[in-house]
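Okay, structure first, notes after.
Numbering (the numbering used here), first residue to last: 3 to 179.
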């Protein structure tokens, strides 16, 4: 009879969260291809949605395709459901995984911390603070760009090697020296 079945030692360990070699579960690194939105290729770390056939996409891409009255799934071309279907189980699973920085700086974090890191990562793309320039490059390359001949008329070049520059994405570019 079913009532006489006892869980094995391994089943009890899994149920309590134990694994061989310790009492804490290890965070698993998400395989980027499996967790990427099929439209924008960004890791699915926020709200996740699906079509009626189960194809998933991120909230930003859902917003882009549902702007059209006849929105279709980019994977199977079936009409997208209205209202949108969230994949709560997948969101919960994603929240327990570790994701690598999309710009490959080496930083790894839980899904909840990805957006904060992306806003601070030195390899993120930023736009030149000079109003007439639309150049984009990584935050670490921006000083080289500002010191280039393209901005000889816009930027002050100081002889002191101890000048400190900082970038505030909201208000602009500051110099302290």
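For every residue, glycine included, the Cβ atom is placed at its ideal position computed from N, Cα and C.
Within the region 86-155, ranges of the alpha helix (DSSP H) (whole runs, at least 4 residues): 90-97, 116-122 and 144-149
Excluding the 5 residues preceding and the 5 following residue 24 in the sequence, name in chain order all residues of the same chain whose CB lies nearer than 6 Å to its CB. Low local confidence applies: a pLDDT of 41 at residue 24 is under 50, so the model's placement there is unreliable, with the coordinate-based value given in what follows. Non-local beta-carbon contacts of residue 24 in its own chain, meaning distances under 6 Å to residues more than five positions away in sequence, are absent.
Could you check the C-alpha separation between residue 100 and residue 113 for me, to the nearest Å? If you take the alpha carbons of residue 100 and residue 113, they lie about 6 Å apart.
Within the same chain, show all residues whose beta-carbon is closer than 8 Å to that of residue 55, passing over the 5 residues directly before and after it, in chain order. 75, 77, 78 and 80
So, with DSSP's three-state summary, where would you put residue 41? coil
In whole angstroms, what is the alpha-carbon distance linking residue 47 and residue 129? 25 Å
Closer than 7 Å: residue 57 CB and nearest the ligand ADP heavy atom: This structure does not include the ligand ADP; it has no bound ligands of any sort.
Could you tell me the alpha carbon to alpha carbon distance between residue 67 and residue 61, rounded to whole angstroms? Approximately 10 Å, taken between the alpha carbons.
When we look at the beta-carbon of residue 90 and count the other beta-carbons within 10 Å, is it buried (16 or more) or exposed? exposed
Same chain only: Cβ atoms within 6 Å of residue 92, ignoring 5 sequence neighbours per side: 50
Tell me the rounded alpha-carbon separation between residue 41 and residue 65. Roughly 12 Å between the two C-alpha positions.
Where residue 64 sits in the DSSP three-state scheme: helix
If residue 123 sits next to residue 139, beta carbons under 8 Å apart, how far is it from one beta carbon to the other, in whole angstroms? Not really, about 13 Å apart at Cβ, beyond 8 Å.
Can you list, in chain order, the residues of its chain with a C-beta nearer than 6 Å to that of residue 53? Leave out the 5 residues immediately preceding and following it. 75, 80 and 82
With a 10 Å radius around its C-beta and 16 neighbouring C-beta atoms as the bar for buried, classify residue 131 as buried or exposed. buried
What does a CB cutoff of less than 8 Å around residue 147 pick up in its chain, not counting 5 residues either side in sequence? 130, 137, 139 and 153
Quick one: Cα of residue 253 to Cα of residue 111, how far? Since the displayed the chain opens at 3 and closes at 179, residue 253 lies outside it and no answer follows.
Pop quiz: residue 141 and residue 126 are said to be a contact at Cβ under 8 Å. What is the actual Cβ separation, rounded to whole angstroms? 6 Å
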